[in-house]
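Working notes, beginning with the structure itself.
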Amino acid sequence: MIDCHFKTTAVLGAGTMGAGIAQVSAQAGSRVILQDLKPEYVEQGLCKIRESLAIGVQKQKVTQAVADATLARITTTTDRSAATRDADLVIEAVPEVLALKNSLFREIAASCKPSTVLATNTSSLSLEKVFAVVPHPERCIGMHYFNPPPIMKLLEVVRMASTSQATIDAVMGYAAQCGKEPILVKDSPGFASSRLGVCLGLEAIRMVESGVALPADIDKAMVLGYGHPMGPLKLTDLVGLDVRMAIADYLRKELDHPGFEVPLLMRQMVAAGKLGKKSGQGFYLW
Numbered sequence: 005m006i007d008c009h010f011k012t013t014a015v016l017g018a019g020t021m022g023a024g025i026a027q028v029s030a031q032a033g034s035r036v037i038l039q040d041l042k043p044e045y046v047e048q049g050l051c052k053i054r055e056s057l058a059i060g061v062q063k064q065k066v067t068q069a070v071a072d073a074t075l076a077r078i079t080t081t082t083d084r085s086a087a088t089r090d091a092d093l094v095i096e097a098v099p100e101v102l103a104l105k106n107s108l109f110r111e112i113a114a115s116c117k118p119s120t121v122l123a124t125n126t127s128s129l130s131l132e133k134v135f136a137v138v139p140h141p142e143r144c145i146g147m148h149y150f151n152p153p154p155i156m157k158l159l160e161v162v163r164m165a166s167t168s169q170a171t172i173d174a175v176m177g178y179a180a181q182c183g184k185e186p187i188l189v190k191d192s193p194g195f196a197s198s199r200l201g202v203c204l205g206l207e208a209i210r211m212v213e214s215g216v217a218l219p220a221d222i223d224k225a226m227v228l229g230y231g232h233p234m235g236p237l238k239l240t241d242l243v244g245l246d247v248r249m250a251i252a253d254y255l256r257k258e259l260d261h262p263g264f265e266v267p268l269l270m271r272q273m274v275a276a277g278k279l280g281k282k283s284g285q286g287f288y289l290w
């Protein structure tokens with residue numbers, strides 16, 4: 005039986021999501037090993053965690069003692085094998101490229117313990133394909149966090165047909181320990197959150213494209229009319245138009261559904277480098 009309290013968690017990828025996942029895991033009491041390919045990458049990840057915790061202290065969301073204890077539980081490395089060798093849970097947070105994820109899991113499956121739970125943070129890729137190279141697939145699962153992980157309550161837990169109930173129970177318990185509200189969905193294109201969110205975002209872009217309303221007014225309709233915390237166009241800016249376009253192309257192919265056809269406006273904006281917040285301009289100026 006897998007203990008629902010993962011004492012050591014390895015997070016692979018120190019970008020925005022990986023750093024956030026590492027912070028959440030460390031705050032929950034796990035020893036965390038944050039790994040990336042270069043020392044500067046893991047240092048950037050640590051800087052993100054320090055800044056996030058400092059803001060939390062400033063806003064009185066966490067105490068200074070909790071922030072200090074969280075940082076003390078996090079170590080970094082560029083050695084993937086060393087990061088995963090003794091881990092109870094490995095969470096992958098690398099770019100959404102299937103070949104990259106296959107290569108990563110092939111490597112770590114050979115170095116980690118047979119009992120180690122292997123999780124991917126993919127937002128839409130097929131888990132069956134992501135874990136196709138991994139022996140003992142009963143320990144494999146999806147843990148789709150939302151940006152920013154320290155703030156967003158939702159954790160989408162994705163199960164394959166081969167995922168064991170023990171693995172599901174362990175991850176659901178861990179989610180609760182981390183202060184998350186988990187939902188359980190089966191492995192299918194886009195799962196629940198990306199499938200619905202991307203579809204809404206694409207329709208909002210079509211409305212801009214056809215001149216129905218300005219982006220701010222479309223967003224306001226969903227915030228004030230439907231109680232969404234953020235409009236679909238601002239969310240697209242935050243996620244990145246290039247990232248959402250890649251997901252939409254994948255879902256269009258996998259689901260054969262015209263609702264996921266990428267609008268011409270989106271392709272034009274991505275080609276022009278208007279990717280949202282990370283480039284300074286998308287549907288909004290940042």
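Residues are numbered in my numbering as their position in the sequence shown, beginning at 1, plus a constant of 4. Cβ atoms here follow ideal geometry from the backbone N, Cα and C, with glycine treated the same way. Note that this is a predicted model, so its numbers are computed, not measured.
By the Cβ neighbour-count rule, P154 is buried, with 16 or more other Cβ atoms within 10 Å of its own. If only uninterrupted alpha helix (DSSP H) runs of at least 4 residues are considered, those enclosed by the region 161–189 are 169–181. Considering only D92, K63, M226 and A32, the residue with the shortest C-alpha distance to A76 is A32. Residue state for R89 is assigned as coil, using DSSP reduced to three classes. Relative to the Cα of E96, the nearest Cα in the group A179, H148, Y178 and K117 belongs to H148.
Bridge partners of T79 according to DSSP: I37. When secondary structure is reduced to three states using DSSP, C144 falls in the strand class. Between N125 and L218, the alpha-carbon positions lie close to 33 Å from each other.
With respect to L93, T120 sits close: the two C-beta atoms are nearer than 8 Å.
Non-local C-beta neighbours of S85 in its own chain, meaning closer than 7 Å and more than five positions away in sequence, comprise S115, ordered along the chain.
In its chain, beyond the 5 residues on either side, M156 and L158 have a beta carbon closer than 7 Å to the beta carbon of F150. In this structure, the CA atom of T167 is about 28 Å from the CA atom of H261.
Shown here, Y149 sits in a strand according to DSSP, grouped into three states. R35 is the residue among K184, K63, R35 and G229 whose C-alpha sits nearest the C-alpha of K11. Taking K133 as the centre and dropping the five residues before and after it, the same chain places the C-beta of L102 closer than 7 Å to its C-beta, in chain order.
Bridge pairing for G280: Q285 [DSSP].
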